[in-house]
Amino acid sequence: YRETVDMTPSLAYARSIPSKTSTSVKLIQQKLAFLLAMAAFLRPSDLARIPFSSCTVDSNSGCLKFHVVYPKETRSKRRIIKPFTIHPHATDVELCPVKCFLVLRDHPALQARPRDSQLFVKSNNVYQPLYVSILSSWLHREFISLSTSESRVSIRSLASSRALDQGVPLQDI
8 YRETVDMTPS LAYARSIPSK TSTSVKLIQQ KLAFLLAMAA FLRPSDLARI
58 PFSSCTVDSN SGCLKFHVVY PKETRSKRRI IKPFTIHPHA TDVELCPVKC
108 FLVLRDHPAL QARPRDSQLF VKSNNVYQPL YVSILSSWLH REFISLSTSE
158 SRVSIRSLAS SRALDQGVPL QDI
């Protein structure tokens, strides 16, 4: 049993990064990585395996839909592709992963991005995907470290604990 981690500082930092196309690509990607990890309990390796072409926003529901592709894992010699649906944040637009994705998608600095690229790319070379280690360091250095000094804390454990604290039933987590 560990002490409860207060995610308020991490959420406040995410909220302080404006979801606007004038925000730097690096900051918008950091914010989106954090919001997706928190909303869908994704690991940094999952974030690195999201094809940009799989990301769509449903015009009726406003939900962000995407796939996480596991190229090293197979079932019956076929790659595993896991679909995700992220609902928009109803009350706080600055913590809405859908809004953040739309800003990233429409960012002027990323217009040269190839359609077959990954969602998270290097800001100085949109033709190269970000390494898992960079995504992991962003989550730890920029977000997790604001809420706890404890080492070896994963974003998934923080996200699931936060969901439990917010009253989400255990079977839904």
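Residues in the sequence shown are numbered from 8 upward in steps of one, following this note's numbering.
Don't be surprised by glycine CBs; every beta carbon is placed ideally from N, CA and C.
**Prompt:** Taking DSSP as the reference, what is the three-state secondary structure of T190?
**Reply:** Outside the displayed span of the chain (8 to 180) sits residue 190, for which this structure offers no information.
Original post:
Helix or strand or just coil, what does DSSP make of F41?
Top reply: helix
* Got a sec? Which residues, its chain only, sit under 7 Å from D113 by beta carbon, not counting five neighbours each side? -> T28
Compute the distance between the beta-carbons of P51 and L111, then report whether it is under 7 Å. no
*asked:* the ligand MN and P95: does the residue's C-beta get closer than 6 Å to at least one heavy atom of that ligand?
replied: You won't find the ligand MN in this model; it holds no ligand whatsoever.
Alpha carbon to alpha carbon, what distance is there between K38 and S158? 21 Å
Open item on the list: Looking only at its chain, what residues have a beta carbon closer than 6 Å to the beta carbon of F150, apart from the 5 residues adjacent to it on each side?
Closed with: S17, F41
| query | Going by beta carbon distance, what residues of the same chain come within less than 6 Å of K33, once the five residues before and after it are set aside? | reply | S130
Beta-bridge partners of K89, as assigned by DSSP: V75
Mapping DSSP to helix, strand and coil, what is L118?
The amino acid occupying residue 118 in the given sequence is Gln; Leu does not appear at that position. DSSP places Q118 in coil when its eight states are reduced to three.
**Item:** Simplified DSSP assignment, three categories, for R148
**Value:** helix
Would you please state the rounded distance, in angstroms, between the beta carbons of L43 and L54? I believe it to be under 8 Å.
6 Å
(request) Please report how far the alpha carbon of P176 lies from the alpha carbon of R56, in whole angstroms. (result) 28 Å
Do the CB positions of I93 and P78 come within less than 7 Å of each other? no
Worksheet entry | Endpoints, alpha helix (DSSP H) assigned at P104 | 104-112
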